[in-house]
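Here the structure is laid out as structure tokens; the discussion comes afterwards.
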Amino acid sequence: MAPSSLPIDDLLPQLTAVLASHANAVLVAAPGAGKSTRVPLALHDAAWLGGNRIVMLEPRRLAARAVAARMASALGESLGDTVGYRVRLESKVSARTRIEVVTEGIFTRRIQSDPTLSGIGLVIFDEFHERSLDTDLGLALTLDVQRALRPDLKLLVMSATLDDKSVAALLGGSGAPAAILASAHRPYPVSTVYAEPPVQGRLHDHMAA
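Structure below.
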């Protein structure tokens, strides 16, 4: 089960309200705040989605599977129910899936084969600071779809380290910049602890060394 509280939780009601009135938003939160697993779960039943699905992009297959598994566990469900994933040569989704975690390459191919992104109400670009060609192409294509074919489609860009104003301006296009939300959470302190050396030879000799 998910922890009872994570730093991002305080921001979730505001994020839900912002996306109800804005097409696009930028969310900045430190590592460990819980944005990858908490945000989709908080938004998947929002009224403004109109019953459509959430698709969240992750830069790597391992991350996509792990994030999806964590969210499914938080709901007490199996992968492929409310939460599923698609990566290269592997997928766990069903007609019941409301949150789909995919790699960036999978999303790029989907948008090329389905230019209207039918059945999708929100696209989340997670870990946007790990930008790649697929990230930039996916964002550009999604913005084109939103502006030309799907004005109801919403975009959310999330990152721990991000030039939020530049990204907000990009998402805003010729209009006002996208809304920016930032979590005040700071990373927890980390200390280094060195383990004892392994036992070499006889235990008594090791202890006397």
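To convert, take the position in the sequence shown, counting from 1, and add 163; that gives this note's numbering. Where is the CB? At the ideal position from N, CA and C, for every residue including glycine.
Around the C-beta of residue i, are 16 or more other C-beta atoms found within 10 angstroms, so that it is buried, or is it exposed?
{"i": "E253", "result": "exposed"}
{"i": "M164", "result": "Legend: pLDDT at M164 = 44, less than 50; position of this residue unreliable, no value from coordinates given."}
{"i": "V356", "result": "exposed"}
{"i": "S322", "result": "buried"}
{"i": "S184", "result": "exposed"}
{"i": "S168", "result": "exposed"}
{"i": "A327", "result": "For the record, residue 327 in the displayed sequence is Asp; it is not Ala. D327 is buried by the Cβ-count criterion."}
{"i": "L302", "result": "buried"}
{"i": "V353", "result": "exposed"}
Just to confirm before moving on: does the CB-CB distance between residue i and residue j stay below 8 Å?
{"i": "L318", "j": "T305", "result": "yes"}
{"i": "L346", "j": "L174", "result": "Checking the displayed sequence, the identity of residue 346 turns out to be Ser instead of Leu. Yes, the Cβ-Cβ distance between S346 and L174 is below 8 Å."}
{"i": "L190", "j": "L344", "result": "yes"}
{"i": "T266", "j": "V256", "result": "no"}
{"i": "Q309", "j": "L300", "result": "no"}
{"i": "G335", "j": "G284", "result": "no"}
{"i": "P222", "j": "G197", "result": "no"}
{"i": "W341", "j": "N187", "result": "The sequence given here has Ala at residue 341, not Trp. Result yes, Cβ atoms of A341 and N187 sit closer than 8 Å."}
{"i": "L220", "j": "A231", "result": "no"}
{"i": "T200", "j": "A237", "result": "yes"}
Using CA atoms only, rank isn't needed, just tell me which of the options is closest to residue i.
{"i": "M234", "options": "L220, P314, P203", "result": "P203"}
{"i": "T324", "options": "D289, P176, D244", "result": "D289"}
{"i": "A210", "options": "E293, S329, L182, P170", "result": "L182"}
{"i": "D381", "options": "T279, Y248, N215", "result": "Residue 381 lies beyond the stretch modelled for the chain, which goes from 164 to 372, so this question has no answer here."}
{"i": "T260", "options": "L212, A193, R216", "result": "R216"}
{"i": "P314", "options": "L296, V286, E221", "result": "V286"}
{"i": "P224", "options": "D327, I269, A342", "result": "The question names Pro, but residue 224 in the sequence shown is Arg. The residue with the shortest Cα to Cα distance from R224 is I269."}
{"i": "G282", "options": "L296, F291, A258, Y248", "result": "A258"}
{"i": "R294", "options": "V218, V320, Q275", "result": "V320"}
{"i": "V330", "options": "G247, Y248, F291", "result": "F291"}
{"i": "A193", "options": "D208, D172, Q177", "result": "D172"}
{"i": "A227", "options": "Q275, G195, I274, I262", "result": "I262"}
Which residue marks the beginning of the alpha helix (DSSP H) containing residue i, and which one marks its end?
{"i": "S236", "result": "224 to 238"}
{"i": "R201", "result": "198 to 206"}
{"i": "T260", "result": "Careful: T260 lies outside any alpha helix (DSSP H) and carries neither H nor E."}
{"i": "L178", "result": "175 to 184"}
The beta strand (DSSP E) with residue i in it runs from where to where?
{"i": "S254", "result": "253 to 255"}
{"i": "G247", "result": "246 to 250"}
{"i": "I343", "result": "342 to 345"}
{"i": "L220", "result": "216 to 221"}
{"i": "A188", "result": "187 to 191"}
Examine the ligand ADP and report whether any of its heavy atoms sits within less than 7 Å of the Cβ of residue i.
{"i": "R261", "result": "No copy of the ligand ADP appears in this structure; indeed no ligand is present at all."}
Whole runs of the alpha helix (DSSP H) within the region 270 to 333, excluding any shorter than 4 residues: 296 to 311
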